[in-house]
Amino acid sequence: MTLTARRENFKIIRTSIMEHRNIPDSIKKKLCLAAEEIFVNICSYAYGGTSGSVDFSIEVSDQITMTFQDEGAPFNPLNNQTDTDGYDLDTQIGGLGRLIAFGFADNVIYEYKNSRNVLNLTFS
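Residue numbers (my numbering): 1 to 124.
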């Protein structure tokens, strides 16, 4: 599905995950949390204040793979992750969402392909 990169559109992704018949109920909330963190980051940062879109897909087999694609500025979310040891809860804001999303996933792959950021999160 292709969505306008607006935070309120996450509800469409959430509904897609929660109503998917082949996803075990025990993992749906984790998938939603991971998807929300990634989707909101794309909406907030990928297009630098201009409008854009996000392609989202979910594939269910022996594993579950969520894929996010956007045409925003190239950005590898696996780089420059927040250092949790030095994180100051009183002064720092943000930076933990990717760690949460990636912590739920068993595998995370990023590539910049055909002028698109492509992020795959795989769950067992």
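Ideal placement from N, C-alpha and C gives every residue a C-beta, glycine not left out.
Grab me the residues of residue i's own chain with a C-beta within less than 7 Å of its C-beta, minus the 5 sequence neighbours each way, in chain order.
| i | result |
| --- | --- |
| N9 | L3 |
| S124 | Q63, D106 |
| K28 | I17, M18 |
| G52 | A5, A46, D70, E71, G72 |
May I ask you to report which of helix, strand or coil DSSP gives residue i?
| i | result |
| --- | --- |
| T15 | helix |
| Y45 | helix |
| I109 | strand |
Should residue i go down as buried or exposed, given a rule of 16 or more other Cβ atoms within 10 Å for buried?
| i | result |
| --- | --- |
| I38 | buried |
| M1 | exposed |
| N117 | buried |
| P74 | exposed |
| I13 | buried |
| P77 | buried |
| G103 | exposed |
| I42 | buried |
Leaving out the 5 sequence neighbours to the left and right, which residues in its chain are closer than 6 Å to residue i when beta-carbon positions are compared?
| i | result |
| --- | --- |
| G97 | E37 |
| L31 | I17 |
| F67 | The sequence given here has Thr at residue 67, not Phe. Here the set comprises S57, N120. |
| D55 | T2, Q69 |
Enumerate in chain order the residues of its own chain whose CB-to-CB distance from residue i is below 8 Å, with the five nearest sequence positions on each side excluded.
| i | result |
| --- | --- |
| V40 | R7, F10, G97 |
| I100 | L33, A34, E37 |
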